[in-house]
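If you use my numbering, the sequence shown corresponds to residues 28 to 643, in order. Where is the CB? At the ideal position from N, CA and C, for every residue including glycine. Computed from a prediction, not measured in an experiment: that's the story for all the values here. Notes for the one structure printed next.
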Amino acid sequence: MDGQMTFEFEQRKPIKGYPELHWTGKRPYTSTQYYPAQLKESYGEPKDGWMNKIFWGDNLQVMSHMLKEYRGKIKLVYIDPPFDSKADYKKKIKIKNRAILNDATVFEEKQYGDIWTNDEYLQFMYERLVIIRELLTDDGTLYVHCDWHKMPYLRCMLDELFGINNFVNEIVWKRTRAAHSDASFYGKVHDTILLYRKSVTTGFNTQYVEHSEEYIKRFSKEENGRKYMLVPLHGPGQGQPREFFGKMISPPSGRCWPVQSKIDELIAENKVELTSNGTPSKKSYLDENKGNPVSDWWDDIIPLNPVASERTDYPTQKPETLLERIINASSNEGDIVFDCFMGSGTTQAVAMRLNRRFIGADINLGSIQTTTKRLLNVSETILTEGYKGFEVYNVNNYDFFRNPVEAKELLIDALGIQKFDSSTVYDGELDGYMVKIMPTNRIATKADLEELKANLPYKTFEKRKEENPNAVVEKIKIVCMGHEADLKASLEQELSAYKLDIDIVDILRDKSDLQFKREADARVEKENSKLVIKEFYPMNLLQKLSMQKESVEDWRQLVESVFIDWNYDGETMRPEICDIPGKDELVSGTYDIPTNVGKIKVKITDLLSESLEVEV
């Protein structure tokens, strides 16, 4: 059965003479299990039996799901993972169509945090890179976008997983035009992109940059409307005279001509011309010159400016030109491109334009909503037939948190945990249990227990054990979003010196009675041949606005999009109406009902990327 399916990974043996990266809690990632996925939404039609795919969930679980069908089938992987920048990234939320802006009409909403312990980060990346390696074709390539925070560690880790001989390039992208420096240090103005191949058979399409205006001016001659310049035909070495236009001509001293057959070929193509002093030279036409091959120094890709048309206001968004170069260089039309840290969907949008098949994944619901809207807009601009249809899946029923930043607070509220503000080990107390909340952006592993084990009050344990040898010294409740099957057993074994009562609360398993957020509400009615949204109450958004003493007169000011499926089958939403207005425009709210409708499903998404789905 799918739910019991496991996948084994081959372990690369240590190579003598090459270092390996080690960290506290490092453990080999040798296998994973299959996780189910639920098809939630479908847009457009398949091409050649293919529909692009967007997955919402922990990307470790997403890729574990993908192994069943896509192991060894992904041509290109680009990832822009966390940098460990120690920052909380926020999105600016602005009430639509507001004539006057003030502090209340614009507020920041946290999207995700990039704050890690070093060991936690390394294990997180290690496990994901292992599966990425498994998904790549034998001639596939991986681009890892990073910066100075973790680049040296990632380079060492990738050498271990892919082999040092499969390292291709360290690409430097000048990501900002600002100096960002002062008298005390050099300004940090670049990101690094590490390029690795799966094997030596990797294909590559050379990319070119346009010549400078100064260089173009050298093409000063013209023939039949084509600009050209003369370049030397001779090369180094002492050579013999050759025939040009019926005359034997000697090369300059210490130089030689090409073989006679090559000279005759060039003359037949009208590509040889005599200079004023009678020296044969080759015509180099501007329209035949592709430009200079791209090097590993990228300073020609302009950073995304705040008012760019492609701007989604999603934090850490990368420019499309960056992905265009990568996708064009390392894939061909029809190849599968994958990005498991999808963000605003730049990789997917560019892949769609370049006629690649694509798969994307992200744990942040805001990313899923942003990417969906972006892809729908892109598909409308593509006039030719291509891979434009896509589906949205939920992996392992990951449907609780809009973003991981808020997850801990939501869990504390939902479970009724008495919060600890100053504890270094526990997050709170519940029914006599000390509560530890694991990271919610992935399944809990044995490596995640290292922090807990390192900070447990062992002196207190010893005292309690001494006072009552047969009594439990601590009751510990671990709250997680999925976990390894032997997590509890592993902790009990490693702490076998003490009698503990350990309870695992897995939100994916024990979710039925939990309420994580205030549900939105709406009034949607049929009026003759019209479907009318009368009212919409996004409770979480309204609560945030009320805290800022702000209100709106029109519910449409709080809405990002309205999707309508006129014939909902009860499982998968296939919207025929996608009302996605511009940044300062409003949704219609009134829609013509077509003939022969069935069950109607309406999806209303607010400014926080939270959605309400209503059946009419």
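Item, Value
"Can you list, in chain order, the residues of its chain whose CB lies under 8 Å from that of Pro14, leaving out five sequence neighbours each side?", "Here the chain covers residues 28 to 643 and nothing more, so residue 14 does not appear."
"Entirely within the stretch 78 to 159 and at least 3 residues each: give me those beta strand (DSSP E) ranges in chain order.", "79 to 83, 101 to 106, 114 to 121, 133 to 141"
"For a test of the three-state rule: what should DSSP assign to Gly387, helix, strand or coil?", "strand"
"Bridge partners for Arg282 per DSSP, in chain order?", "Pro263"
"Using C-beta distances below 6 Å, list every residue in its chain close to Leu128, excluding the 5 sequence neighbours before and after it, in chain order.", "Low per-residue confidence applies at Leu128: pLDDT is 46, beneath 50, and the placement is therefore not dependable enough to give any value."
"Between Leu169 and Ser322, what straight-line distance do the alpha-carbon atoms span, to the nearest angstrom?", "17 Å"
"Is Thr397 helix, strand or coil by DSSP?", "helix"
"Report yes or no: do three or more beta-carbon pairs, one from the stretch 399 to 409 and one from the stretch 86 to 98, lie closer than 8 Å?", "no"
"DSSP three-state call for Glu477: helix, strand or coil?", "helix"
"For Cys8, which three-state DSSP category applies?", "Nothing in the structure corresponds to residue 8, since the chain is present only between 28 and 643."
"How many Å lie between Phe231 and Ile353 at the Cα?", "10 Å"
"What residue range is occupied by the uninterrupted beta strand (DSSP E) comprising Glu47?", "Glu47 -> no beta strand (DSSP E), and no H or E assigned at all."
"Give a yes or no on whether the C-beta atoms belonging to Ile470 and Leu438 are separated by under 8 Å.", "no"
"Is Gly252 buried or exposed, if buried means 16 or more other CB atoms sit within 10 Å of its CB?", "exposed"
"Do Asp218 and Asp174 have their C-beta atoms closer together than 8 Å?", "yes"
"Sort out for me which residues DSSP pairs Pro307 with in a bridge.", "Leu301"
"With which residues is Pro320 paired in a DSSP beta bridge?", "Tyr235"
"Can you round the beta-carbon distance between Asp111 and Trp143 to whole angstroms, since I take them to be within the 8 Å contact cut?", "5 Å"
"Give me the residue from Asp340, Tyr341, Met369, Phe385 with the minimum Cα distance to Asn359.", "Phe385"
"Going by DSSP, name the residue or residues bridged to Gln445.", "Glu456"
"Here's the rule I'm using: 16 or more other beta-carbon atoms within 10 Å means buried, otherwise exposed. How should Ala388 be labelled?", "buried"
"With DSSP as the reference, please indicate the residues paired to Glu270 in a beta bridge.", "Met275"
"How far does the beta strand (DSSP E) with Glu197 in it extend, from its first residue to its last?", "194 to 201"
"Indicate the three-state DSSP secondary structure (helix, strand or coil) for Asn594 in the structure shown.", "coil"
"DSSP on Tyr223, reduced to helix/strand/coil?", "strand"
"Should Glu612 and Pro565 be called a contact, given that it needs their Cβ atoms to be closer than 8 Å?", "no"
"What are the start and end residues of the beta strand (DSSP E) that includes Phe488?", "Counting along the chain, Phe488 falls outside any beta strand (DSSP E), though it belongs to the alpha helix (DSSP H) covering 485 to 494."
"Quick one: what's got a C-beta closer than 7 Å to Glu603's C-beta in the same chain, skipping five residues either side?", "Ile591, Asp592, Trp593"
"Flag this pair as touching only if the stretch 57 to 64 and the stretch 413 to 424 have three or more C-beta atom pairs under 8 Å; answer yes or no.", "yes"
"So, at 7 Å on beta carbons, what are the nonlocal neighbours of Pro268 in its own chain, with the 5 sequence-adjacent residues on each side left out?", "Met275, Ile276, Ser277"
"Tell me which residues share the same chain as Asp6 and place their Cβ nearer than 8 Å to its Cβ, disregarding the 5 neighbours each side in the sequence.", "Since the first residue shown for the chain is 28 and the last is 643, residue 6 is missing from the structure and cannot be characterised."
"Hey, how far is the Cα of Val216 from the Cα of Arg202?", "6 Å"
"Less than 8 Å between the CB atoms is what I'm expecting for Asn86 and Arg160, so what's the real figure, rounded?", "Going by Cβ atoms, the distance from Asn86 to Arg160 rounds to 14 Å, so no, they are not a contact pair."
"Compare the C-alpha of Phe82 against each of Gly71, Asp75, Glu72, Lys67 and name the closest.", "Lys67"
"Please report the distance separating the alpha-carbon of Pro41 from that of Glu511.", "27 Å"
"Please name the residue or residues paired with Val586 in a DSSP beta bridge.", "Asp633"
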